[in-house]
Amino acid sequence: MANNLVGRDMAVDLGTANTLVYVRGKGVLVDEPSVVAVNEKTGELVAVGHDAKSMVGRTPEDITAIRPLQDGVIADFEATEQMLRHFIALVHRRRYLAKPRIVVCVPSGITTVEQRAVKEAAYQAGARRVYIIEEPMAAAIGAGLPVHQATGNMVVDIGGGTTEVAVISLGGIVTSLSIRTAGDELDRAVGSWLKKEYALLVGESTAELVKTTLGSAFASGKLREADIRGRDLVSGLPRTVTLTSADLRVALEEPLHAIVDAVRVTLDQTPPELAGDIMDRGIVLTGGGALLHGLDERLGHETGMPVHVAEDPLRSVAHGAGRCVEEFEALHQVLVTERRRLARTA
Ligand code: ADP
Ligand code: MG
Numbered sequence: 008m009a010n011n012l013v014g015r016d017m018a019v020d021l022g023t024a025n026t027l028v029y030v031r032g033k034g035v036l037v038d039e040p041s042v043v044a045v046n047e048k049t050g051e052l053v054a055v056g057h058d059a060k061s062m063v064g065r066t067p068e069d070i071t072a073i074r075p076l077q078d079g080v081i082a083d084f085e086a087t088e089q090m091l092r093h094f095i096a097l098v099h100r101r102r103y104l105a106k107p108r109i110v111v112c113v114p115s116g117i118t119t120v121e122q123r124a125v126k127e128a129a130y131q132a133g134a135r136r137v138y139i140i141e142e143p144m145a146a147a148i149g150a151g152l153p154v155h156q157a158t159g160n161m162v163v164d165i166g167g168g169t170t171e172v173a174v175i176s177l178g179g180i181v182t183s184l185s186i187r188t189a190g191d192e193l194d195r196a197v198g199s200w201l202k203k204e205y206a207l208l209v210g211e212s213t214a215e216l217v218k219t220t221l222g223s224a225f226a227s228g229k230l231r232e233a234d235i236r237g238r239d240l241v242s243g244l245p246r247t248v249t250l251t252s253a254d255l256r257v258a259l260e261e262p263l264h265a266i267v268d269a270v271r272v273t274l275d276q277t278p279p280e281l282a283g284d285i286m287d288r289g290i291v292l293t294g295g296g297a298l299l300h301g302l303d304e305r306l307g308h309e310t311g312m313p314v315h316v317a318e319d320p321l322r323s324v325a326h327g328a329g330r331c332v333e334e335f336e337a338l339h340q341v342l343v344t345e346r347r348r349l350a351r352t353a
């Protein structure tokens, strides 16, 4: 079979918080934060992924750790390209004679120009052909929803920069909504609440840690408690405060409300038959935000729909895009295709 000559086909989930690379026949081989560290003076790439993330807020003067994708859009073009090439190079060995096909999953908020740039980066990293898949579609496939059936499926993917709500039926997206309120906004809400209530200043990574460990979207289960360290705004000295999950519920209320609202609005715009299907089958949550304590209960409580968290929400998109490379022929219908301009040489 021609298969041996083909480089390892792969799927890339280019997320605002995390980038994952799925390799055909192997599964997820790369799972790292979407962060790069560059030396401002030389323009040199210092670190990518985990190594770069650990530098956030701790870098010496000429090294900056940046997140190339923010709020679901590409904030730094060059850095996005460098990061993408770095991650693909980790799994794509040039010694393979033929080049791989790459399915890239991008936030649905990015423009066509940005899509083209992402494709170009993948071509430069050695792809033979690049396909784009819409995030909610990949998330739904990865969560195991029967996207090809004539039944309504609702998926809510809560990532770092965006929350994508979509209703899928017969292999296509029927209604969808993307808002720029997701994980990062929850972190910012924690930060500003601590500033307002306790005059305590914490960094981005502390705010995220507080959210993932103490965060809560619904009053149920045991009250959790933890000590948080930050810098006192008045004295400038380190100070510790004790917080509970109930405090976090207050801190997170505004962005949580926006997320719940996005789901409500989408349900409102869903054709009645499909809404009926969702009522029976429930809403599926994917993305890291799905792990927020009590979010499923909160959404269930406010929409009256059954709500389930996908099995491995941080990897739903990568698994879904991965399924597309495993079953290319069967699933290529869900990919957004566009023939590459012929003028380029590789
Ligand atoms: P993206 O697709 O945008 O890269 P991900 O789906 O990887 O985003 O999710 C990343 C987000 O999920 C981050 O904002 C992170 O803080 C959040 N997250 C991860 N684990 C948890 C958790 N246990 N509780 C709440 N949020 C979480
Ligand atoms: Mg994502």
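Residue numbers (my numbering): 8 to 353.
We put the CB at the ideal spot given by N, CA and C, even for glycine.
Problem - Bridge partners - L21, DSSP secondary structure assignment - result: Answer is T26.
Handout entry: Pair within 8 Å by beta-carbon distance, S252 and S223
Key = Yes; because the gap between Cβ atoms is below 8 Å, this pair is in contact.
Exercise for the section: Look at the alpha carbon of F5 and the alpha carbon of A129, and state the distance between them as a whole number of angstroms. Expected result: For the chain, the structure presents residues 8 to 353; residue 5 sits outside this window and is missing.
Problem - Which residues DSSP lists as bridging C331, in chain order - result: Its beta-bridge partners do not exist; DSSP assigns none.
Problem - Rounded straight-line distance, which links the Cα of V55 to that of N10 - result: Its pLDDT being 45, under 50, N10 is placed unreliably by the model, and the measurement read from it follows with that caveat. Approximately 31 Å between the Cα atoms of the pair.
Practice task
Give me the Cα-Cα distance between G168 and D58, rounded to the nearest whole angstrom.
Solution key: Cα to Cα, the separation comes out at about 21 Å.
Exercise for the section: With a threshold of 7 Å, establish whether the CB of A24 neighbours any heavy atom of the ligand ADP. Expected result: For the ligand ADP, at least one heavy atom lies less than 7 Å from the Cβ of A24.
Problem - Where H308 falls: helix, strand or coil (DSSP) - result: DSSP places H308 within a helical segment (H, G or I) once states are collapsed to three.
Exercise for the section: Consult DSSP for T66 and reduce its assignment to one of helix, strand or coil. Expected result: It is coil, neither helix nor strand.
Practice task
Report the option in H315, N25, A297 and V43 whose CA atom is closest to the CA atom of T219.
Solution key: Taking the Cα of T219 as reference, the smallest distance to any Cα among H315, N25, A297 and V43 is reached at A297.
Exercise for the section: Say whether the region 282–291 touches the region 312–320, bearing in mind that this needs 3 or more beta-carbon pairs closer than 8 Å, one atom from each stretch. Expected result: With a cut-off of 8 Å, the region 312–320 and the region 282–291 count as touching, because enough Cβ pairs lie within range.
Practice task
Let me know the secondary structure DSSP gives T158 once reduced to three states.
Solution key: Note: T158 maps to coil in three-state DSSP.
Handout entry: One or two residues paired with G190 in a DSSP bridge
Key = Beta-bridge partners assigned by DSSP to G190: none are found.
Practice task
Measure the C-alpha to C-alpha separation of L36 and G295 and round it to an integer number of angstroms.
Solution key: Straight-line Cα distance between these residues: approximately 18 Å.
Problem - Span of the alpha helix (DSSP H) around T170 - result: If you look at T170, you'll find it isn't in any alpha helix (DSSP H); it sits in the beta strand (DSSP E) that goes T170 to S176.
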